[in-house]
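Everything on this sheet refers to the single structure shown next.
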């Protein structure tokens, strides 16, 4: 086990001069990890963690901490920044979603596309003008709906 740890330490030391390359890998890993989270995290803890780690890295460099410590802080800051940026982007492009428990209702809108029928009927994409039971702010731009029987033509 000691040989494995020594080997990993040697590998890490040999990559120390390539930290700009590894910082983007850590940032991308943070973005990727955001999408495997089971629950949606709040924005402020992610942003606070990234900024805190960045501040610790700057303080560590100014105070002359060992290179291994400052590079570790930088990689953690990049990872945390990736998480925060992915969350901010998800919030920026978020659109209203129809509640899953919405009972059958009336939709007025334009049929944009008709998909091939599935087990429960044809799937159509509708650009709704109005959905009974939803406010205009809560109405999504597009709906995918399953219809029993013959689907309406696009238009």
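Residue numbers (my numbering): 1 to 155.
Don't be surprised by glycine CBs; every beta carbon is placed ideally from N, CA and C.
Here the structure is a predicted model, which means the values were calculated and not measured.
Helix, strand or coil for residue 137 per DSSP? helix
Select from 146, 57, 10 the residue whose C-alpha is nearest the C-alpha of residue 120. 146
So is residue 219 buried or exposed if we call it buried at 16+ other beta carbons inside 10 Å? Coverage of the chain is limited to positions 1 through 155, which leaves residue 219 absent and any answer about it impossible.
Rounded straight-line distance, which links the Cα of residue 84 to that of residue 29: 12 Å
Terminal residues of the beta strand (DSSP E) in which residue 108 lies: 107–114
Determine the burial state of residue 1: buried for a count of at least 16 other Cβ atoms within 10 Å of its Cβ, exposed for fewer. exposed
Which residues bound the beta strand (DSSP E) around residue 128? 122–131
If you follow the beta strand (DSSP E) that residue 93 is in, where does it begin and where does it stop? Element bounds for residue 93: n/a, residue is neither H nor E.
Taking the Cβ atom as the reference point for each residue, do residue 69 and residue 60 lie within a distance shorter than 8 Å? yes
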